[in-house]
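Please read the structure below before turning to the comments.
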Amino acid sequence: MSTLIVLGTQWGDEGKGKVVYYLSKQADYVVRYQGGNNAGHTLIFEDKPFVLHLIPSGILFPDKYCLIANGVVVDLKSLKEEVNVLAKKKIVVKGRLFISEQAHIIFPYHKIIDGILEDENVKIGTTRKGIGPAYADKVKRIGVRAIDYLERDVFEDLLEKNLIEKAAILENKMDIASLKKEILGDYSEFSEFLRPFVANTSFMIEEAISKNKKILFESAQGTLLDLDFGTYPFVTSSNPIAGGVCSGAGVGPTKINSVLGVMKAYTTRVGEGPFTVELFDEVGDYFREKGEEYGATTGRSRRCGWFDSVVVRHSVRVNDIKRLIITKLDCMEDLDKIKICVAYKYKNNIYKDFPASRTIQKYAEPVYEEMPGFNGKVKGVTNFKSLPINAQRYIKRLEGLVGASIDLVSLGRKREEIIEVNGGTSWF
Ligand code: IMO
Ligand code: MG
């Protein structure tokens, strides 16, 4: 048995797409267990940036199976577009891509409600892809699962009930009858598209495990966007944490072997919500430009700050992370001085553990420790010992602060730009 979870330790955009692409080569199955097309996983394929939103990047290797498990919410239009983009690159998904019967479907009304809530309710800064409203329906027990969608009479009945339930919020914004017509009009196209992919993915995973296959679980978003352990309510509506794999893919906890945390060498967040280490100065601008910190899904510019060890220590604990990859270290190489946030301060109290209080999250000040800049090139380096000594020290200091071992260092967007710190260990 060999299973590995790869997840984000900050607010998403840590570089999970590239890391999964790097490790997929060793895997047999790559499984998405939560989130939807709110994710944007950028990787370099055939020398060009390539963004995947829903389909795991393992799809780029012709011999891998890719599963979209029950914990994911699926926008069929967006999925179809993604499959078409892959087809243009001669990547065949039939027989390799499977979608759980129990995955919930995102409908146009979810996107509309996402937008209405953003404009008229608490602004979260969502991606407006309908993610939160689709999960809300799942929890309200009125959602439409893939299997329900494929049974036309079941689906029509559910659609009717859903549109009545949502009438109050939709009524003044649109003509509900034409919305219904649009959804029913799309039915044959989308149900035909979906049918061949639908499977019992939990069963497939169990079978793969029994055959000793290597399975990589790929998270979207990050621990600080987790519905339970993130900066609530400025979070996404699912559980990207390691525990999310059990409910999101139908796998028992004793079947999980290891967890690899992905962390950026500094911190970014997109959307609203507390962000203690946020910088409004030229260093923040430097990270944004050097790191090309613009959203892969919405194009929004990301908020940037120094590395926050309070955040990553929290992630290490919640996910039981033993091994980490640090990404974008090359995007720090021009700085003269580097700061690391080691604690939060609020009303003369020092917080080393991530606080749940909205007030403390919002008003706490970062307590920084300072280090000299790397004073040397990082980009292009191919082994740990050749990194500038200050860059090595930075990595070692972060390991000490967050309590896990940094076993991979990523120095660029390309798959090859990764250093295996302790030699080429097996990840499965
Ligand atoms: P990847 O997988 C960064 C953020 C949104 C918003 C909040 C809720 O690329 O790391 P949602 O649309 O999910 O209801 O929005 O979560 N968010 C992300 N931020 N990377 C992502 O995915 C994100 N997916 C959602 O900006 O603040
Ligand atoms: Mg992203």
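Going from the sequence shown to the working numbering is simple: count from 1 and add 501.
C-beta: ideal position from N, C-alpha, C; glycine also.
It should be emphasised that the depicted structure is a prediction, and the values quoted were computed from it without experimental measurement.
Within this structure, are the beta carbons of residue i and residue j separated by less than 9 angstroms?
| i | j | result |
| --- | --- | --- |
| residue 753 | residue 776 | no |
| residue 520 | residue 567 | no |
| residue 762 | residue 508 | yes |
| residue 681 | residue 659 | no |
| residue 444 | residue 615 | With the chain running from 502 to 929 in the structure shown, residue 444 is simply not present. |
| residue 723 | residue 510 | yes |
| residue 851 | residue 845 | yes |
| residue 545 | residue 916 | yes |
| residue 583 | residue 555 | yes |
| residue 562 | residue 705 | no |
| residue 505 | residue 716 | yes |
| residue 888 | residue 920 | yes |
| residue 909 | residue 826 | yes |
| residue 739 | residue 572 | yes |
| residue 476 | residue 604 | Shown here, the chain extends from 502 to 929; a query on residue 476 therefore has no answer. |
| residue 765 | residue 814 | no |
| residue 829 | residue 874 | no |
| residue 903 | residue 820 | no |
In its own chain, which residues sit with a C-beta less than 7 angstroms from the C-beta of residue i, not counting the 5 before and 5 after it?
| i | result |
| --- | --- |
| residue 880 | 831, 834, 912 and 913 |
| residue 617 | 670 and 674 |
| residue 595 | 697 |
| residue 513 | 722, 723 and 726 |
| residue 701 | 602 |
| residue 525 | 531, 558, 559, 562, 565 and 717 |
| residue 541 | 552, 554, 796, 797 and 798 |
| residue 800 | none |
| residue 592 | 560 and 561 |
What residues in its chain sit with their C-beta under 8 angstroms from that of residue i, if we drop five residues either side in the sequence?
| i | result |
| --- | --- |
| residue 804 | 769, 770, 771, 776, 779 and 785 |
| residue 651 | 692, 695, 696 and 699 |
| residue 624 | 773 |
| residue 749 | 534, 535, 570, 571, 572, 573, 739 and 740 |
| residue 872 | 838, 839, 840, 841, 891, 894, 895 and 898 |
Are there 16 or more other CB atoms within 10 angstroms of the CB of residue i, so buried, or fewer, so exposed?
| i | result |
| --- | --- |
| residue 601 | buried |
| residue 640 | exposed |
| residue 774 | buried |
| residue 883 | exposed |
| residue 862 | buried |
| residue 634 | buried |
| residue 860 | exposed |
| residue 755 | exposed |
| residue 886 | exposed |
To which residues does DSSP link residue i through a beta bridge?
| i | result |
| --- | --- |
| residue 531 | 567 and 717 |
| residue 764 | 827 |
| residue 919 | 911 |
| residue 623 | The partner list for residue 623 (beta bridge, DSSP) is empty, contrary to what the question assumes. |
| residue 646 | 605 |
| residue 815 | DSSP, once it has assigned bridges, lists no residue as partnering residue 815. |
| residue 779 | 806 |
| residue 506 | 718 and 760 |
| residue 795 | 802 |
| residue 859 | Paired residue(s): none; residue 859 is not in a bridge. |
| residue 536 | 573 |
| residue 700 | 601 |
Kindly indicate the opening and closing residues of the beta strand (DSSP E) around residue i.
| i | result |
| --- | --- |
| residue 549 | 549–553 |
| residue 873 | 866–873 |
| residue 733 | No beta strand (DSSP E) holds residue 733; DSSP gives it neither H nor E. |
| residue 844 | 838–847 |
| residue 576 | 574–576 |
| residue 598 | 598–601 |
| residue 546 | 542–546 |
| residue 851 | 850–852 |
Excluding the 5 residues flanking residue i on each side, which residues of the same chain have their C-beta closer than 6 angstroms to its C-beta?
| i | result |
| --- | --- |
| residue 606 | 575, 645 and 650 |
| residue 551 | 544 |
| residue 611 | 631, 634 and 635 |
| residue 843 | 810, 868 and 870 |
Return the first residue and the last residue of the alpha helix (DSSP H) that residue i is part of.
| i | result |
| --- | --- |
| residue 671 | 668–671 |
| residue 891 | 890–903 |
| residue 562 | Where residue 562 is concerned, there is no enclosing alpha helix (DSSP H), given that its DSSP letter is neither H nor E. |
| residue 521 | 517–525 |
| residue 680 | 677–686 |
| residue 640 | 632–641 |
| residue 747 | 745–750 |
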